[in-house]
Each structure stands twice: as C-alpha cells, then as structure tokens.
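A quick write-up on the structure given underneath.
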DNA sequence: AATTTACGTCAGCCATGTTGACGCATATGC
DNA sequence: GCATATGCGTCAACATGGCTGACGTAAATT
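Okay, here's the thing in structure tokens:
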C-alpha cells in the first residue's frame, strides 16, 4: 500500500477504497460514541436506584408495548430467559412491573408497568430525550430522516418488522 | 391525556409533543438495534478466537491510532486502567499488541498492533464494514451525512475533539 | 529535592450475559 | 382423549467486563 499521505499517487480504485474505509470507520465510531453518550445520563439515574442498563431496557420496552408477553420481550432483547428473569424479578420486587395471565393464551404472562414503574420510565426517557432533542434540533429534519434511514439499513430485513411494530400506535387506553 | 388514536382531537401543543416523543423513541430504538446488529457479526468472529467485545474495542482504536499511549486509549474507552489492563494483557499474551517506551515521554507506553493483530483487526473491520456499506448504499450520501450529523450532535461538544482526532489522516507510514 | 504524572498490579466485588437441566400448565393436533 | 409442543419458571454453575481501593515505580516537572 502507498503512503496514506500521497493520495494523488494512488490509482483511482484504491483512492475510492480508501475514502470508503474512512467513511465506514467514521460511522462505526460515531455510532459507538453516540450510543454511549446517549445512555450515559440514564445510567447515572439508574445507579441511584440500584438498577442497571439491563433493567432500563426491559422497562423501556414494557412501557412501549404494555401487555407484551415475555416471549416478545425476549425476542427484542435477544438474551436468554434466565438473564431476563433476574431482571424482571428485580423490577417486580421493587413494584415497578406486574404480570397478568394472558387472555388469549393463559400460558402467556402479559407485562406492564405499575404507576411507579411508569414514573421511573418517564424519568429515564427524559434523560435520553434531552440529548436526542438537542441532536435533532441542531441537525434538522433532513438529517434526522437520513439518520433513521441508515440505522434501519443496519438492521437485517427479517428483523425490521419487530422493530417497526414498536412504532405502531398503541391501542386506545384511558388515563383520565 | 386523550386517546392516542384520536390525534385530531388533541390540542396542537399536545399533538406536537406527542409527535416529538414518537420521533425520539424511534431514534433511541434504531440506535439501539442498529448498534447491536452492526457488532453482531464481529462478536461471532471474536468468540472463535476466545476474545470479547472489549478486546475488539482496544484493537480497533490501536489500529486507528498506532502509537497511541495508554492514557489516550483510556480516555476513548472511558473505563478504568484496571479494566483495560486485563484486556491489553490478553492481547499482548496472544501476540496481537505490543508496547514501546514513549520517545517524547519515557513514562508513556505507545501501543501498536503486530502483523497478527493487524490481520485480526482487518477481519473484524470487515464484519462491521459489510453491514455499514449496505446501509450506506441503500440510504444514499445525503442520508449518510444526516446520520453523521445527528450522531455528532449526541456527543457533548467538549468530547468531540477526541472523536474527531480519530479521523485525522495518519502520519505517513511505510508498509511496502 | 519534592511533587506530579503515567503506568503496573494485587485483590475483591458486581452486573449481566451464557449453558444445561428439569418442571408445570396450557394449547394444539391427531 | 392423549401425545406433543409451547410458554414460562427455576436451580446451578460459569464467563465477561465493568468497578473500587490500595500500593509501587519510574520519569517528568517545578
């Protein structure tokens, strides 16, 4: 390989290759640092409650799809049921999450947040929200759309329905 | 709060609020799933070598900034020196990384990859690259730029120089 | 000469993932 | 109706990769 500083001496193909590598590394790095920084604030808040990031993930998805059965949550988190059971046990002990027997299928356990759980989830969401809102605001709508497009492209097509299902509107609920 | 299904009945402010929350949750979720999927392939390859994600991160940054001292790597990884020392120990045992006494400051330990380390890092990079290349390709250049912009916005301004320094061209090296 | 800095190291702990095995209640298919 | 499959719970053991605290040593700085 030629000197990295002598791009003008590289054949066109190699130059394009080099630029592509730089752009890919940039994406990898920004994704890593962006994700790390996004969750940093939530981690601090979680620590004050004696909880960790794993608890947050469960809390987050249960908030997002109340009534979700265990199996669906396992599919989203992509961990073993043994790992999840420890996390859910902690959350139930603390009165943040409750289970109900499934209506359609009585083997299922439908998960939902208690009011205390919903409160904590909201606080944690706000930790993430502040950073994301700032980033969206400075970047503008076009950039945000591109951000979504690239990230969606990183998800294998067969897994996309799972993620997109999270964005469907929830069935009507009454909170008043 | 009104029924989520009846947006037309919401006051304008509440509607905008709701849309903003949906967009933020979408970003959070895509960032989580996008990152998870990006590193999935590399994790498999690492496992065949008896290494983990932590080893990959060290390897990655050393490849990116050869000659980087320990302290700089610590700042990038944001972990304790005790954690890093376990990881670096593994990598040195396996002959993937070497240290050299600093030239300007003899207290520093400059890290670099051995040829075997560089080979492994290249293989791991290719695992990530395939997914990122596909995502970039389907999304297009405008989307990629937006992707970078939003992610950069997630990084606190005071930390950005650290990340941007990674993207500076390397000092000339001879590999021929 | 005193202090600070960059790094190494020992020891123990915690969070969160893993595998494997087994049990029970319910749903489903023949 | 009975066999089988599915959804979930649980016990036990282990791996990875973080953490804190304490202490040491060489080299740079003041």
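Chains as they are written, first to last, in the numbering used here: chain D, 1 to 176; chain X, 1 to 176.
Note that the Cβ used here is the ideal one computed from N, Cα and C, for glycine as well.
Nearest-angstrom Cα separation, counted from residue j out to residue i
i	j	result
residue 28 (chain D)	residue 64 (chain D)	27 Å
residue 153 (chain X)	residue 79 (chain D)	30 Å
residue 132 (chain X)	residue 146 (chain X)	15 Å
residue 136 (chain D)	residue 50 (chain D)	31 Å
residue 169 (chain X)	residue 158 (chain D)	38 Å
residue 84 (chain X)	residue 62 (chain X)	13 Å
residue 101 (chain X)	residue 71 (chain X)	13 Å
residue 104 (chain D)	residue 47 (chain X)	41 Å
residue 90 (chain D)	residue 56 (chain D)	11 Å
residue 67 (chain X)	residue 151 (chain X)	27 Å
residue 117 (chain X)	residue 21 (chain D)	18 Å
residue 81 (chain D)	residue 60 (chain D)	17 Å
residue 134 (chain X)	residue 115 (chain D)	42 Å
residue 88 (chain X)	residue 31 (chain X)	28 Å
residue 141 (chain X)	residue 92 (chain X)	39 Å
residue 18 (chain D)	residue 18 (chain X)	43 Å
residue 9 (chain X)	residue 16 (chain D)	In this prediction, residue 9 (chain X) scores a pLDDT of 49, lower than 50, which makes its location untrustworthy; no coordinate-derived value is stated.
residue 167 (chain D)	residue 109 (chain X)	49 Å
residue 5 (chain D)	residue 14 (chain X)	Confidence is the limiting factor: at residue 5 (chain D) the pLDDT is only 47, short of 50, which leaves the residue's position unreliable, though a coordinate-based value still follows. Approximately 54 Å between the Cα atoms of the pair.
Minimum C-alpha distance to residue i - residue among the options
i	options	result
residue 76 (chain D)	X:46, X:34, X:101 and X:56	X:34
residue 119 (chain X)	X:94, X:69 and X:133	X:94
residue 143 (chain D)	X:17, X:16, X:23 and X:14	X:23
residue 52 (chain X)	X:135, X:59 and X:43	X:43
residue 138 (chain D)	X:155, X:123, X:137 and X:135	X:155
residue 86 (chain X)	X:141, X:32 and X:54	X:54
residue 107 (chain D)	D:123, D:115 and D:69	D:69
residue 45 (chain D)	D:141, D:123 and D:17	D:123
Counterpart residues of residue i in DSSP-defined beta bridges
i	result
residue 100 (chain X)	X:110
residue 69 (chain D)	D:110
Whether residue i touches residue j by CB criterion (8 Å)
i	j	result
residue 74 (chain X)	residue 58 (chain X)	no
residue 113 (chain D)	residue 121 (chain D)	yes
residue 148 (chain X)	residue 25 (chain D)	no
message: Under 8 Å, with one C-beta from each stretch per pair, do the region 36-56 of chain D and the region 116-131 of chain D reach the 3-pair mark?
response: With the cut-off at 8 Å, the region 36-56 of chain D and the region 116-131 of chain D touch.
- request: Spell out a yes or no on whether the region 95-103 of chain D and the region 157-164 of chain D are touching, meaning 3 or more CB-CB pairs, one atom from each, closer than 8 Å.
  value: The region 95-103 of chain D makes no contact with the region 157-164 of chain D, as fewer than three CB pairs between them are under 8 Å.
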